[in-house]
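Structure, as structure tokens:
Numbering (the working numbering), first residue to last: 10 to 244.
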């Protein structure tokens, strides 16, 4: 299990549902937990391919998945993939994101400044693969949370797009999967509260803004001081 967490540090995300865990035998071995742990993955997570030398490690998500399988840390029966079309509904996305921004992104008509702030480059943002990838990430995190409610714990090999704001992308994050998932589960009554604990080296600034008016979804970011974003949100 320790090795699984080491691989997850490369890019994967974890959802935990503590109430569900209360009904489980907590003395279960790490090996037993790893063999039954739901893992969410989508083949679009590593598309589109970026130019050589690009700062964003797009291939890492597929690498996490294939390495977990290759080393026997997970097995195919544990893997879940978002299947529905559309991958995530407009209604769910509109709980967090501005309609005009969503329309511009999904039609690949974001302006140059919006694209510059996201960081993937014009060629990537005009590629339909990036739309499918982004929607798959949101759908994958929502599926991971639903599986965590059923099993107590679940992981996603991608996600955690915590720099995405309601009406803008930033720092390689286009839509905020964490905020959408929290809003959807709260609206459905599947949970009464959601806590977002962000342990990435960068501040989860976008998630904090997306959820700032939702008292049932507090956020906590533990991050380094001197890095992106240069201007940190005040606590």
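Beta carbons are placed, not taken as given, at the ideal position from N, Cα and C, and that holds for glycine.
Here residue 120 is exposed: its Cβ has fewer than 16 other Cβ atoms, across all protein chains shown, within 10 Å.
Per DSSP, residue 196 is one residue of the alpha helix (DSSP H) stretching across 186-197.
DSSP, reduced to helix, strand and coil, places residue 100 within a helical segment of the structure shown. Here residue 234 is exposed: its Cβ has fewer than 16 other Cβ atoms, across all protein chains shown, within 10 Å. Residues 176 of the same chain have their beta carbon placed closer than 8 Å to that of residue 109, with the five preceding and five following residues left out of the count.
Every candidate alpha helix (DSSP H) stretch fails here, since none sits fully inside the segment 155-186 while reaching 4 residues. Residue environment for residue 150: buried (at least 16 other C-beta atoms within 10 angstroms of its C-beta).
For the pair residue 191 and residue 46, the Cα-to-Cα distance works out to about 21 Å.
Residue 198 and residue 60 have their alpha carbons spaced roughly 43 Å apart. Residues 101, 104 and 151 of the same chain have their beta carbon placed closer than 7 Å to that of residue 193, with the five preceding and five following residues left out of the count. Put simply, the segment 200-217 does not touch the segment 79-91. Fewer than three CB pairs are less than 8 Å apart. Residues 212, 214, 217 and 218 of the same chain have their beta carbon placed closer than 8 Å to that of residue 242, with the five preceding and five following residues left out of the count. By the neighbour-count definition (other C-beta atoms within 10 Å, threshold 16), residue 132 is an exposed residue. Across the set 86, 181 and 231, the C-alpha of 231 shows the shortest separation from the C-alpha of residue 209. In summary, residue 229 is exposed, with fewer than 16 beta-carbon neighbours lying within 10 Å of its beta-carbon over all protein chains present.
The DSSP-derived three-state label of residue 153 is helix. According to DSSP, residue 216 shares a beta bridge with no other residue. Around the beta-carbon of residue 196, fewer than 16 other beta-carbon atoms lie within 10 Å, marking it exposed. With fewer than 16 neighbouring CB atoms inside 10 Å of its own CB, residue 138 falls in the exposed class.
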